[in-house]
Amino acid sequence: MANDFDVIVIGAGPAGYHSAIRSSQLGLNTAIVEKWLDSSGAAAYGGTCLNVGCIPSKTLLEASHKFVEARDEFGHIGIKLSKLSADIPAMMKRKDRVVSDLTAGVSSLLKTNKVEQYEGIAKVLGNGEVSIAMHNQEKAKLTAENIIIATGSVPIDIKPCPLTENLIVDSTGALEFDSVPKKIGVIGSGIIGLELGSVWSRLGSEVVLLEALEELLPVCDSQVSKEAAKEFKKQGMDIRLGARVTGSHIKRGKVEISYSRGDEDQREIFDKVIVAVGRRPYTNDLISPEAGVSLDERGFIAVNEYCMTDAPGVYAVGDVVRGPMLAHKGMEEGIMVAERIAGKLPQVDYDLVPSVVYTHPEIAWVGKNEEDLKAAGENYSVGVFPMRASGRAMANNDTSGIIKVIADKVTDRLLGVHIIAPHASEMIAEAVIAMEFKASAEDLALTMFAHPTLSEGLHEAALAVSGHAIHVANRKK
Ligand code: FAD
Ligand code: NAD
Numbered sequence: 009m010a011n012d013f014d015v016i017v018i019g020a021g022p023a024g025y026h027s028a029i030r031s032s033q034l035g036l037n038t039a040i041v042e043k044w045l046d047s048s049g050a051a052a053y054g055g056t057c058l059n060v061g062c063i064p065s066k067t068l069l070e071a072s073h074k075f076v077e078a079r080d081e082f083g084h085i086g087i088k089l090s091k092l093s094a095d096i097p098a099m100m101k102r103k104d105r106v107v108s109d110l111t112a113g114v115s116s117l118l119k120t121n122k123v124e125q126y127e128g129i130a131k132v133l134g135n136g137e138v139s140i141a142m143h144n145q146e147k148a149k150l151t152a153e154n155i156i157i158a159t160g161s162v163p164i165d166i167k168p169c170p171l172t173e174n175l176i177v178d179s180t181g182a183l184e185f186d187s188v189p190k191k192i193g194v195i196g197s198g199i200i201g202l203e204l205g206s207v208w209s210r211l212g213s214e215v216v217l218l219e220a221l222e223e224l225l226p227v228c229d230s231q232v233s234k235e236a237a238k239e240f241k242k243q244g245m246d247i248r249l250g251a252r253v254t255g256s257h258i259k260r261g262k263v264e265i266s267y268s269r270g271d272e273d274q275r276e277i278f279d280k281v282i283v284a285v286g287r288r289p290y291t292n293d294l295i296s297p298e299a300g301v302s303l304d305e306r307g308f309i310a311v312n313e314y315c316m317t318d319a320p321g322v323y324a325v326g327d328v329v330r331g332p333m334l335a336h337k338g339m340e341e342g343i344m345v346a347e348r349i350a351g352k353l354p355q356v357d358y359d360l361v362p363s364v365v366y367t368h369p370e371i372a373w374v375g376k377n378e379e380d381l382k383a384a385g386e387n388y389s390v391g392v393f394p395m396r397a398s399g400r401a402m403a404n405n406d407t408s409g410i411i412k413v414i415a416d417k418v419t420d421r422l423l424g425v426h427i428i429a430p431h432a433s434e435m436i437a438e439a440v441i442a443m444e445f446k447a448s449a450e451d452l453a454l455t456m457f458a459h460p461t462l463s464e465g466l467h468e469a470a471l472a473v474s475g476h477a478i479h480v481a482n483r484k485k
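Written out as structure tokens, the structure reads:
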């Protein structure tokens with residue numbers, strides 16, 4: 009009997025909808041199943057990223073940053089304002105509109121691309137079969153030669169701090185406060201803790217971050233994470249490293265958190281607590297044992313470098329598989345799988361996945377950092393440019409941060425670029441392109457950058473690798 013579809017994609021987050029659209033573009037008869045319902049009970053596409061992740065968080069980060077600029081910086085550049093205030097309900101309403109416009113956009117892109125949409129909960133049964141418990145109470149069973157699982161991830165809970173309606177929340181709850189809490193405790197100073205901590209700190213909350221590790225942002229180059237710690241301290245965020253949360257207690261509408269730090273047990277009362285201790289792959293009731301799809305020891309769906317699972321014809325992409333939990337990593341995997349199903353041979357370059365933390369200044373990096381290279385015993389050269397020496401940064405009244413370029417000592421090939429600076433999220437793309445094309449630091453140094461731009465800092469850092477930066481003293485060789 010013929011299959012209903014060539015491809016069934018489960019999950020319409022960034023990984024899933026990219027793979028569905030590309031599958032259909034390549035002439036494959038494609039269906040997508042999505043279970044997300046928005047607060048009004050309507051089906052919503054775009055997954056974590058569009059509904060409760062990248063997009064709403066960046067909308068609030070931008071709005072809160074503009075508020076801080078107006079409050080603290082406009083005076084320095086000759087703009088006088090009186091009676092400034094943050095209208096939180098209006099900010100939230102706009103954030104919700106950005107989200108609904110984009111999620112509707114994904115649904116309409118799927119339609120335009122002739123992807124059949126099913127709204128409900130899918131399960132992989134084996135032999136190319138997928139069952140769907142549809143939101144309209146109907147049940148469906150579909151077959152396809154290829155199944156792409158893209159069910160994403162959900163926040164991790166911790167026992168000492170269970171979520172409690174509107175008081176102890178996860179990242180989703182922290183995007184929905186209807187007024188500025190006086191004092192917020194954030195458990196975990198990873199990417200979500202720092203981004204959402206920044207939003208509420210900018211809008212006026214006192215923010216205390218309790219981080220279990222002894223180091224801030226150990227995934228970053230340590231010179232960058234030290235700069236970041238200084239900047240966050242200046243902004244008033246109180247980051248307490250080595251803090252292990254041991255319990256929580258609701259007392260008269262507030263939350264008391266107990267934690268240990270060194271030998272001391274401490275307690276602190278907060279108006280709200282945000283738990284941001286990481287995310288886990290979402291595979292609840294997703295796969296029948298007959299399907300032959302295995303999970304790895306951390307609960308991710310086990311896949312090879314082409315995102316093939318142990319079961320022939322079943323693939324998995326995005327947060328539900330190993331690798332960084334980033335929207336763009338999932339998108340590229342989704343596209344790779346669709347193209348491989350269609351007979352093409354693309355690969356994802358996992359060494360060149362850019363990372364960005366959207367604080368102010370932004371932090372962005374690609375490739376290896378100094379600690380990675382030291383541990384691997386590699387010989388490398390470094391060029392650093394401080395943004396305080398950038399003409400454009402001065403003109404912009406924002407000179408925070410550095411740009412650091414690391415290259416192989418012998419071949420000069422770029423090994424990593426690490427930025428903490430305004431607009432680092434945009435500048436890192438220049439480094440990714442250079443590294444994709446296997447450029448050397450000299451290639452970047454010989455490239456002409458427009459003046460005055462922040463990107464000139466990347467040019468100068470590349471020049472500094474060989475001791476030829478113009479606007480700064482070069483590192484001693
Ligand atoms: P998801 O986006 O999680 O989508 C999975 C989809 O599958 C969901 O819609 C879910 O409803 C659906 N689903 C699950 N099970 C089933 C089933 N059985 N049947 C049908 N449907 C199912 N990443 C970045 O790169 N940049 C950022 O700035 C960024 N900011 C973030 C901010 C926050 C607050 C959070 C929480 C995350 C952020 N991320 C960011 C991470 C990013 O959101 C994820 O990496 C990305 O959404 C993963 O995409 P995905 O398609 O794999 O999974
Ligand atoms: P994370 O892994 O970035 O940070 C979690 C932090 O919590 C870590 O520093 C960890 O040491 C700490 N922690 C863990 N358990 C703890 C405990 N019991 N007490 C105190 N601290 C504890 O995770 P996240 O910030 O929750 O983000 C989840 C994922 O979402 C990330 O992997 C990231 O890839 C993705 N994300 C990306 C972006 C972006 O790209 N800008 C933004 C938000 C989220």
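Heads up, the sequence shown is in this note's numbering, so the first residue is 9 and it goes up one at a time. Where a beta carbon is used, it is the ideal one built from N, C-alpha and C, also for glycine. Computed from a predicted model, the values in this text were never measured in an experiment.
Inset, instruction - Could you check the C-alpha separation between Asp-271 and Glu-347 for me, to the nearest Å? - result: A straight-line Cα-Cα distance of about 55 angstroms links Asp-271 and Glu-347.
Legend entry - Contact test: Ile-199 Cβ vs the ligand NAD heavy atom, cutoff 7 angstroms: Correct: Ile-199 has its Cβ closer than 7 angstroms to the ligand NAD.
Inset, instruction - Determine, using beta-carbon pairs with one atom in the region 203-211 and one in the region 66-77, whether at least three such pairs fall under 8 angstroms. - result: A contact exists between the region 203-211 and the region 66-77.
Legend entry - Expected contact under 8 angstroms - CB spacing of Tyr-126 and Ala-28 to nearest Å: About 11 angstroms separates the two Cβ atoms, so there is no contact after all.
Legend entry - Residues bridged to His-426 [DSSP beta-bridge criterion]: Answer is Trp-373 and Lys-412.
Inset, instruction - Report yes or no: do three or more beta-carbon pairs, one from the region 145-159 and one from the region 230-247, lie closer than 8 angstroms? - result: Counting Cβ pairs under 8 angstroms, fewer than three are found: no touch.
Inset, instruction - Quick one: using the 10 Å Cβ neighbour count with 16 as the cut-off for buried, is Ser-213 buried or exposed? - result: When all chains shown are included, Ser-213 counts as buried.
Inset, instruction - Could you check if Asp-293 is buried or exposed, using at least 16 other CB atoms within 10 Å of its CB as the buried criterion? - result: Looking at its Cβ environment, which holds fewer than 16 other Cβ atoms inside 10 Å, Asp-293 is exposed.
Inset, instruction - Compare the beta carbon distance of Ser-2 and Leu-217 with 8 angstroms and say whether it is the shorter of the two. - result: Limits of the chain in this structure are 9 at one end and 485 at the other, which puts residue 2 out of reach.
Inset, instruction - Starting from the C-beta of Val-227, find all residues in its chain whose C-beta is less than 8 angstroms away, skip the five residues before and the five after it, and write them out in chain order. - result: The beta carbon of Val-227 sits closer than 8 angstroms to the beta carbons of Ser-363 from its chain, once the five residues preceding and following it are set aside; these are given in chain order.
Inset, instruction - Specify, as a first and last residue, the run of the alpha helix (DSSP H) that Pro-97 falls within. - result: Looking at the DSSP string, the run of the alpha helix (DSSP H) that includes Pro-97 is 96-120.
Inset, instruction - Please indicate yes or no: does the CB of Arg-562 lie closer than 7 angstroms to some heavy atom of the ligand NAD? - result: This structure cannot settle anything about residue 562, because the visible part of the chain is limited to 9 through 485.
Inset, instruction - Note down, in chain order, each residue of its chain lying with its Cβ closer than 7 angstroms to the Cβ of Arg-252, except the 5 sequence neighbours on either side. - result: The residues are Ala-220, Tyr-267 and Ser-268.
Inset, instruction - Verify the contact flag: Asp-327, CB atom, against every heavy atom of the ligand FAD, threshold strictly below 7 angstroms. - result: The ligand FAD has a heavy atom closer than 7 angstroms to the beta-carbon of Asp-327.
Legend entry - Pick from Ile-295, Ile-265, Val-365 and Ile-166 that is closest to Gly-486, judged by C-alpha positions: With the chain covering only 9 through 485, there is no way to say anything about residue 486.
Legend entry - Check: Lys-43 C-beta below 7 angstroms from any heavy atom of the ligand MN: Annotation note on the ligand MN: not contained in the displayed structure, which lists the ligand FAD and the ligand NAD as its ligands.
Legend entry - Beta-carbon gap between Gly-160 and His-143 smaller than 8 angstroms: Contact flag unset, no.
Inset, instruction - Determine the direct distance from the alpha carbon of Lys-147 to that of Glu-223, and round the result to whole angstroms. - result: Their Cα atoms are separated by approximately 50 angstroms.
Inset, instruction - Please name the residue in Asn-59, Leu-381, Lys-131 and Pro-289 whose C-alpha comes closest to that of Ile-414. - result: Residue Leu-381 is the option with its Cα nearest to Ile-414.
Legend entry - Pair within 8 angstroms by beta-carbon distance, Val-390 and Glu-378: Yes, they are a contact pair.
Inset, instruction - Using beta-carbon positions only, say whether Val-107 and Pro-64 come within less than 8 angstroms of one another. - result: Cβ distance < 8 angstroms, so Val-107 and Pro-64 count as in contact.
Inset, instruction - Return the chain-ordered list of same chain residues with a C-beta closer than 8 angstroms to the C-beta of Val-188, the five sequence neighbours on each side being excluded. - result: So the list reads Ala-94, Ile-96, Trp-208, Leu-211, Gly-212 and Ser-213, once near-sequence residues are dropped.
Inset, instruction - With distances taken Cα to Cα, identify the nearest neighbour of Leu-118 among Val-281, Asp-451, Gly-307 and Asn-37. - result: When Val-281, Asp-451, Gly-307 and Asn-37 are compared, the shortest CA-CA separation from Leu-118 is found for Asn-37.
Inset, instruction - In the DSSP assignment, find the alpha helix (DSSP H) that holds Thr-67 and state where it starts and stops. - result: Counting along the chain, the alpha helix (DSSP H) containing Thr-67 begins and ends at 62-76.
Inset, instruction - Please list, in chain order, all residues of the same chain as Arg-102 whose beta carbon is under 8 angstroms from its beta carbon, the five residues on each side excluded. - result: Hits under 8 angstroms: Thr-67 and Ala-71.
Inset, instruction - Could you name each continuous alpha helix (DSSP H) segment of 4 residues or more that falls completely within the region 168-244, going from the start of the chain to the end? - result: Correct list: 179-182, 199-210 and 230-242.
Inset, instruction - Report the residue from Leu-225, Lys-190 and Thr-180 whose alpha carbon sits nearest the alpha carbon of Leu-204. - result: The residue with the shortest Cα to Cα distance from Leu-204 is Thr-180.
Inset, instruction - Could you tell me how far apart the beta carbons of Ala-158 and Val-325 are, in whole angstroms, since I believe they sit closer than 8 angstroms? - result: Contact check for Ala-158 and Val-325: beta-carbon distance about 5 angstroms, within the 8 angstroms limit, so the pair qualifies.
Inset, instruction - Report the option in His-336, Gly-321, Arg-396 and Thr-172 whose CA atom is closest to the CA atom of Lys-262. - result: Taking the Cα of Lys-262 as reference, the smallest distance to any Cα among His-336, Gly-321, Arg-396 and Thr-172 is reached at Thr-172.
Inset, instruction - Please name the residue, chosen from Leu-422, Val-177 and Pro-163, that lies closest to Trp-373 on a Cα-to-Cα basis. - result: Looking at the Cα atoms, Leu-422 is the closest of the given residues.
Legend entry - Three-state secondary structure assigned by DSSP to Asp-420: Asp-420: coil per DSSP, three-state reduction.
Inset, instruction - Flag this pair as yes or no: are the beta carbons of Leu-58 and Glu-298 separated by less than 8 angstroms? - result: Taking the C-beta atoms as reference points, Glu-298 is found no nearer than 8 angstroms to Leu-58.
Inset, instruction - Check whether the Cβ of Met-142 lies closer than 7 angstroms to any heavy atom of the ligand FAD, and answer yes or no. - result: Short note on Met-142: C-beta not closer than 7 angstroms to any heavy atom of the ligand FAD.
Inset, instruction - May I ask you to report which of helix, strand or coil DSSP gives Gln-33? - result: Under the three-state reduction of DSSP, Gln-33 is assigned to helix.
Inset, instruction - For Val-41, I'd like the list of residues in its chain whose CB is within less than 6 angstroms of its CB, leaving aside the five on either flank, ordered along the chain. - result: Shown here for Val-41: same chain residues with a beta carbon closer than 6 angstroms to its own, the five before and five after excluded, namely Ile-18, Tyr-126, Ala-130 and Ile-140 in chain order.
Legend entry - Residue span of the alpha helix (DSSP H) that contains Ile-441, given as start and end: Ile-441: member of the alpha helix (DSSP H) spanning 432-444, first to last residue.
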